[in-house]
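Comments concern the structure below.
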Amino acid sequence: AGDAAKARIISLEGQVQVKSAGSGDWQNAAKGAWLDEGAEVSTGEFSSCLLGFGEGGSSALTLDDSSKVAVSSLDPVKVNLESGNVIGIVKGLGAESSFEVITSTAVASVRGTKFYVSSDGTYAVLEGQLVVAYSDGASVTLNAGEQLNPDSREITEITAGLAQEIEDIAEVLSKYDIR
Numbered sequence: 006a007g008d009a010a011k012a013r014i015i016s017l018e019g020q021v022q023v024k025s026a027g028s029g030d031w032q033n034a035a036k037g038a039w040l041d042e043g044a045e046v047s048t049g050e051f052s053s054c055l056l057g058f059g060e061g062g063s064s065a066l067t068l069d070d071s072s073k074v075a076v077s078s079l080d081p082v083k084v085n086l087e088s089g090n091v092i093g094i095v096k097g098l099g100a101e102s103s104f105e106v107i108t109s110t111a112v113a114s115v116r117g118t119k120f121y122v123s124s125d126g127t128y129a130v131l132e133g134q135l136v137v138a139y140s141d142g143a144s145v146t147l148n149a150g151e152q153l154n155p156d157s158r159e160i161t162e163i164t165a166g167l168a169q170e171i172e173d174i175a176e177v178l179s180k181y182d183i184r
C-alpha cells in the first residue's frame, strides 16, 4: 500500500475508543492518531469521531454516537459498519480506487459522493452515487437526493432532516485541513 493508504482520527468528541489489529484492548482515542488496517473505532453515547482516509485525508467518515466500525482495508478502503451510523464525504477516487462501507446485509460502493449509511440498512445520497449490493445478490443504485428504505428496499426522496445532517457534516469537513 502506497502513501495514499492511510487513515487517521481527525477529530473526536466525547467517548471514542480504538483497538488496533491484533490487540485485544480498547484504548481511548487520540486526535491525530493513525489507524492501521484491521483497527476498530467505537463511539459512546453523545460522542462522534471524524476519520480521514487517503492521501491528504481527501475522504472522510464521521461516526455518529453509539457507532462501531472496523477498517478492514485501506487500499482500497473497506470499512465494516458493525453498529450505528456513518456519514461520508468521498473525493478524489481514481478509476482503480474504491471506497466501500460494509454492513451485515450489504456492501455500499461509493462513487464520489456525500452519503449516509446506517447499520439498520438505511442508505442515502446527497451528491454522487452509491451502489448497494445485498448479500442475496440484489443490487440497487442510489443517485443524488435518494434514500433507500431498509425493509422494502424502495427508493424515496431523501428526508430533509437526513439531507441537513449530511450537509452539516460536509460543512464541518470543509473547515479541516485534513492533511
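Read left to right, the sequence shown gives residues 6 to 184 (this note's numbering).
We treat Cβ as the ideally placed atom computed from N, Cα and C, and that holds for glycine.
On a predicted model such as this, the values are computed, not experimentally measured, just so you know.
Check                                                                                                                         : Outcome
Residues that DSSP places opposite residue 95 in a beta bridge                                                                : According to DSSP, which records beta bridges pairwise, residue 95 is partnered with nothing at all.
Euclidean distance between Cα positions of residue 126 and residue 14                                                         : 25 Å
Distance between residue 128 and residue 155 (C-alpha atoms, nearest Å)                                                       : 8 Å
Coil, strand or helix - residue 72 by DSSP                                                                                    : coil
Beta-carbon spacing of residue 16, residue 41 below 8 Å                                                                       : no
7 Å CB neighbourhood of residue 149 in its chain, flanking five on each side removed                                          : 130, 131, 132, 133
Sequence ranges, beta strand (DSSP E) only - wholly within the segment 89-173, length at least 3                              : 90-94, 104-107, 111-123, 128-139, 144-148, 151-153, 160-162
Residue environment, residue 119, which counts as buried when at least 16 other CB atoms sit within 10 Å                      : buried
Cut-off 7 Å between Cβ atoms - residues of its own chain near residue 6, not counting five sequence neighbours on either side : At residue 6, the pLDDT of 41 sits below 50, so the modelled position is not reliable; the number obtained from the coordinates is stated separately. 79, 80.
Integer Cβ distance of residue 30 from residue 53, believed to fall under 8 Å                                                 : Actually they do not touch by this definition, with Cβ atoms about 22 Å apart.
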